[in-house]
Amino acid sequence: MAAELGWSASKVSRIEASKTMPSAEDVESMAKLYRAGEAKLDELFGLLRDADQPGWWEDYQNVLPEEYTRFLGLEAEAERERNWEPQLVPGLLQTEDYAREVIQAARGIIRITHGGVRSRVEARVERQRAVLHRPDPPMLSFILDESALMRRYGEPSVMRAQMEHLLEMSMLPQVSVRVLALEGFHPIGTGAFIHLRPVGLDDVVYLEHLYTAQFVEDRWRVAGYETAYDDIASHALDEDESRVLIQRRAMQWRP
Numbered sequence: 017m018a019a020e021l022g023w024s025a026s027k028v029s030r031i032e033a034s035k036t037m038p039s040a041e042d043v044e045s046m047a048k049l050y051r052a053g054e055a056k057l058d059e060l061f062g063l064l065r066d067a068d069q070p071g072w073w074e075d076y077q078n079v080l081p082e083e084y085t086r087f088l089g090l091e092a093e094a095e096r097e098r099n100w101e102p103q104l105v106p107g108l109l110q111t112e113d114y115a116r117e118v119i120q121a122a123r124g125i126i127r128i129t130h131g132g133v134r135s136r137v138e139a140r141v142e143r144q145r146a147v148l149h150r151p152d153p154p155m156l157s158f159i160l161d162e163s164a165l166m167r168r169y170g171e172p173s174v175m176r177a178q179m180e181h182l183l184e185m186s187m188l189p190q191v192s193v194r195v196l197a198l199e200g201f202h203p204i205g206t207g208a209f210i211h212l213r214p215v216g217l218d219d220v221v222y223l224e225h226l227y228t229a230q231f232v233e234d235r236w237r238v239a240g241y242e243t244a245y246d247d248i249a250s251h252a253l254d255e256d257e258s259r260v261l262i263q264r265r266a267m268q269w270r271p
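Numbering (the numbering used here), first residue to last: 17 to 271.
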């Protein structure tokens, strides 16, 4: 590609690695090389304009892991997000109190100050505002294992409020919440993952570990995670059945 564009290989490498911001002329040249139509070119110019604007997460770069801030940047550009969560209520759907309890639970393993807990909770709330309530929110699909509704964080009142919030969020037009019931067939044993489809970029899967995180970008492996999600979805309760189950679990968390 560098030869066709008349650029150095290092320039192409820096742009591909997101270490150099391409100019409008660079974008136009690459679009011409790849024979992109006017609609795609307009889309790319829009992404370039947005890239000049600081992301909300940049205010939290000192308290959030580097991999997670990269994920937040990709999420900000996503048109679709699919999340399988076998242990917790997903971060986008957490109440502030539940999020605080989840973050504090890790303090015995990962060193987080009281101020760090507060900042991470604030970042989680800001993420929810930025993703769920932006003018053009992505289509969001969540599948939770039923055990995530039963694992206690904080007082029963925190869990009860979390279940009620989960029900409320499930009614948003761009949000789908489904539960994989414990009594049902569990199709695959895998940890949590988030599949993102950013506008103008290849799909990516985000895996979060105890101390680090991993991005799966190889298209064959990404396709494997897509298949895994579809397989889990085929055994999960539908949205109405899931709400009934969440409501039942909410009633069990009596203050």
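Note that CB positions come from ideal geometry on N, CA and C, so glycine has one too.
### Residue(s) in a DSSP beta bridge with N78
Answer is none; N78 lacks a bridge partner.
### Host beta strand (DSSP E) of A229 (start-end)
Run containing A229: A229 to V232, per the beta strand (DSSP E) assignment.
### Range of the contiguous beta strand (DSSP E) that encloses A94
A94 to E101 is the extent of the beta strand (DSSP E) around A94.
### Message
Cutting at 7 Å between CB atoms, please list the residues of its own chain near T206, excluding the five before and the five after it.
### Response
Correct list, in chain order: A244.
### Query
Between Q110, L104 and R134, which lies nearest to Y76 when the distance is taken from Cα to Cα?
Nearest to Y76 by alpha-carbon distance, out of Q110, L104 and R134, is R134.
### Query
Short check: CB of W100 to CB of I248, under 9 Å?
Annotated as proximal: W100 and I248, with beta-carbon spacing under 9 Å.
### Message
Between R136, V221 and S258, which has its C-alpha nearest Y241's C-alpha?
### Response
When only C-alpha atoms are compared, the closest one is V221.
### Message
Let me check understanding here. Comparing Cα to Cα, which of M267, T228, I125 and A266 lies closest to R298?
### Response
Only positions 17 to 271 of the chain appear in the structure, and residue 298 is not among them; the question remains open.
### Task
With a floor of 3 residues, list each beta strand (DSSP E) that falls wholly inside the region 152-218, ordered by position along the chain.
If we require 3 residues or more, the beta strand (DSSP E) runs fully inside the region 152-218 come out as 155-161, 191-196 and 209-214.
### Query
Does DSSP put L104 in a helix, a strand or coil?
In this structure, L104 counts as coil in the three-state DSSP scheme.
### Task
Give a yes or no on whether the C-beta atoms belonging to W72 and L80 are separated by under 9 Å.
9 Å or more divides the Cβ of W72 from the Cβ of L80.
### Reference A55, options E255, R98 and G216, closest by Cα
If we check each option's Cα against that of A55, G216 comes out closest.
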